[in-house]
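This report concerns only the one structure given below.
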Amino acid sequence: MSSSIPSRDSEPARPKRSGAAEMIVLFGRGTTLRSCLPVAAVVGCVLSAINEGARIASGHVAWTTGVQVALNFLVPFLVSSYGYLSAARAVSA
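Start counting the sequence shown at 25; every next residue gets the next number (the working numbering).
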(Lines of atoms letter the chains of each structure in order from A; the text may use other names.)
(Lines give C-alpha, C1' and ligand atoms only; values in the text may rest on other atoms or scores of the structure.)
Protein backbone atom coordinates (compact mmCIF):
# COMPACT_ATOMS: atom_id res chain seq x y z
CA MET A 25 0.00 0.00 0.00
CA SER A 26 1.54 3.31 -1.05
CA SER A 27 1.43 6.37 1.08
CA SER A 28 0.37 9.75 -0.28
CA ILE A 29 2.65 11.56 2.17
CA PRO A 30 5.72 12.93 0.36
CA SER A 31 9.11 11.83 1.59
CA ARG A 32 11.45 14.27 3.29
CA ASP A 33 13.84 14.11 0.35
CA SER A 34 11.35 15.34 -2.23
CA GLU A 35 11.00 19.03 -2.89
CA PRO A 36 7.62 20.67 -2.56
CA ALA A 37 5.94 21.26 -5.89
CA ARG A 38 6.29 24.84 -7.04
CA PRO A 39 3.40 26.30 -8.98
CA LYS A 40 4.27 26.93 -12.60
CA ARG A 41 4.24 30.52 -13.73
CA SER A 42 2.66 31.54 -16.95
CA GLY A 43 4.79 33.16 -19.60
CA ALA A 44 3.32 36.58 -18.87
CA ALA A 45 3.81 36.30 -15.11
CA GLU A 46 7.40 35.17 -15.57
CA MET A 47 8.07 38.09 -17.93
CA ILE A 48 6.65 40.57 -15.43
CA VAL A 49 8.90 39.21 -12.68
CA LEU A 50 12.00 39.39 -14.91
CA PHE A 51 11.03 42.86 -16.10
CA GLY A 52 10.59 43.98 -12.49
CA ARG A 53 14.06 42.69 -11.62
CA GLY A 54 15.58 44.92 -14.30
CA THR A 55 16.69 42.06 -16.53
CA THR A 56 15.98 44.03 -19.70
CA LEU A 57 17.46 47.41 -18.74
CA ARG A 58 20.96 46.98 -20.15
CA SER A 59 19.80 45.79 -23.56
CA CYS A 60 16.60 47.76 -24.00
CA LEU A 61 17.38 51.25 -22.68
CA PRO A 62 19.69 52.13 -25.61
CA VAL A 63 17.03 50.99 -28.07
CA ALA A 64 14.38 53.05 -26.32
CA ALA A 65 16.66 56.09 -26.23
CA VAL A 66 17.37 56.03 -29.97
CA VAL A 67 13.84 55.18 -31.07
CA GLY A 68 12.31 57.61 -28.57
CA CYS A 69 14.45 60.49 -29.86
CA VAL A 70 13.52 59.71 -33.46
CA LEU A 71 9.81 59.41 -32.67
CA SER A 72 9.83 62.59 -30.61
CA ALA A 73 11.58 64.50 -33.37
CA ILE A 74 9.08 63.25 -35.95
CA ASN A 75 5.91 63.54 -33.88
CA GLU A 76 6.52 66.52 -31.58
CA GLY A 77 9.54 68.23 -33.11
CA ALA A 78 7.64 71.05 -34.81
CA ARG A 79 5.58 71.76 -31.69
CA ILE A 80 8.67 71.82 -29.48
CA ALA A 81 10.60 74.01 -31.94
CA SER A 82 7.75 76.51 -32.14
CA GLY A 83 7.55 76.74 -28.35
CA HIS A 84 3.92 75.60 -28.10
CA VAL A 85 4.56 72.97 -25.47
CA ALA A 86 1.89 71.89 -23.01
CA TRP A 87 1.89 69.15 -20.39
CA THR A 88 0.34 66.84 -22.98
CA THR A 89 3.46 67.22 -25.11
CA GLY A 90 5.51 65.93 -22.19
CA VAL A 91 3.23 62.92 -21.87
CA GLN A 92 3.53 62.22 -25.60
CA VAL A 93 7.32 62.47 -25.48
CA ALA A 94 7.42 60.13 -22.47
CA LEU A 95 5.29 57.61 -24.35
CA ASN A 96 7.66 57.89 -27.32
CA PHE A 97 10.33 56.45 -25.03
CA LEU A 98 8.20 54.09 -22.96
CA VAL A 99 6.58 52.18 -25.82
CA PRO A 100 9.87 51.22 -27.56
CA PHE A 101 11.29 50.18 -24.20
CA LEU A 102 8.34 47.90 -23.49
CA VAL A 103 8.36 46.42 -26.99
CA SER A 104 12.09 45.72 -26.96
CA SER A 105 11.81 44.26 -23.44
CA TYR A 106 9.05 41.94 -24.62
CA GLY A 107 11.16 40.86 -27.58
CA TYR A 108 14.22 40.32 -25.39
CA LEU A 109 12.33 38.22 -22.87
CA SER A 110 10.50 36.24 -25.57
CA ALA A 111 13.78 35.40 -27.29
CA ALA A 112 15.41 34.43 -23.97
CA ARG A 113 12.48 32.17 -23.17
CA ALA A 114 12.61 30.50 -26.60
CA VAL A 115 16.34 29.79 -26.18
CA SER A 116 15.89 28.31 -22.68
CA ALA A 117 12.93 26.13 -23.69
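Backbone N, C-alpha and C define an ideal beta-carbon position, used for all residues, glycine too.
Nearest neighbour of residue 71 by Cα position, chosen from 110, 97 and 50, turns out to be 97. CA-to-CA, the gap between residue 101 and residue 115 works out to about 21 Å. With respect to the 8 Å criterion, residue 73 and residue 104 are not classified as neighbours on the basis of their beta carbons. Between the segment 44-64 and the segment 105-112, the count of Cβ pairs shorter than 8 Å is three or higher; the stretches touch.
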